[in-house]
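Heads up: the sequence shown begins at 3 in my numbering, then just goes up one per residue. Glycine residues also receive a C-beta, built at the ideal position from the N, C-alpha and C atoms. Presented below is the structure to which this report refers.
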Amino acid sequence: MSASSEMQIRRTATSPRSTASSKLTPSSLSPNNDSRHVEPILYSEVAVRFNENSLEQCRTSVSALSGCVAGILGLTSYKGFLFYGFSMLFLSFLIYMYIRNEYRKFFTSLNHVFINGFFNGLLTYVLFWTFLYGMVHVY
């Protein structure tokens with residue numbers, strides 16, 4: 003099976019329902035008798051790792067690209083770091099807009115899209131930022 007076909011595996015609970023149990027009685031309406039069953043969601047570990055790895059590659063690529071742009075534009079000091087924060091936030095927003103409310107199909111929580119890996123591309127960003135700044139503005 004490929005990784006794209008293993009995105010999510012759901013366990014379906016089979017509960018036998020008879021016609022006699024479908025009748026409402028006063029005792030079945032009490033708050034102590036909760037008949038709802040919450041189905042657990044099972045994730046494929048391979049698919050989750052693949053999705054997180056893809057997100058990390060996107061973040062690294064955008065870090066390098068935004069570092070090049072910041073270096074060419076000549077951003078210095080806090081303006082460069084704010085540009086990095088804006089570019090990572092913009093990437094997270096684009097990914098969220100692409101997957102919309104179906105993030106549970108791809109990640110275990112929404113934190114993986116917005117928070118996890120935010121600072122992982124910072125060294126790549128600084129490397130490209132300082133290299134291009136030196137090439138364009140110093141030499």
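Which class does residue i belong to by DSSP, given the choice of helix, strand or coil?
i: Phe92; result: helix
i: Lys25; result: Here the model assigns Lys25 a pLDDT of 49, short of 50, so the residue's position is not dependable and the matter cannot be decided.
i: Ala38; result: Checking the sequence shown, residue 38 turns out to be Arg, not Ala. The answer is coil: DSSP assigns Arg38 none of H, G, I, E or B.
i: Ser30; result: Summary for Ser30: the model assigns pLDDT 48, below 50, so the residue's position carries little reliability, and this model does not support an answer.
i: Leu77; result: coil
i: Phe85; result: helix
i: Phe52; result: helix
i: Met3; result: Here Met3 scores only 45 on pLDDT, less than 50, and its place in the model should not be relied on; the value that follows carries that caveat. Here Met3 sits in coil by DSSP.
i: Val140; result: helix
i: Gly69; result: helix
i: Arg106; result: helix
From the beta carbon of residue i, is the nearest beta carbon of chain B less than 9 Å away?
i: Arg61; result: Among the chains in the structure shown there is no chain B, since it carries only a single protein chain.
Grab the span of the alpha helix (DSSP H) containing residue i for me, first residue to last.
i: Ser134; result: Checking the sequence shown, residue 134 turns out to be Leu, not Ser. Start and end: 124-135.
i: Val115; result: 113-116
Quick check: residue i and residue j, are their CB atoms within less than 9 Å of each other?
i: Cys70; j: Phe130; result: yes
i: Ala72; j: Leu134; result: yes
i: Tyr127; j: Ser63; result: no
i: Val50; j: Thr110; result: yes
i: Met90; j: Ser56; result: no
i: Gly136; j: Arg61; result: no
i: Gly76; j: Val115; result: no
i: Asn53; j: Phe95; result: no
At a cut of 8 Å, does the stretch 94-106 reach the stretch 66-85 through at least three beta carbon pairs? As far as the Cβ criterion goes, the stretch 94-106 does not touch the stretch 66-85, which means the pair count is below three.
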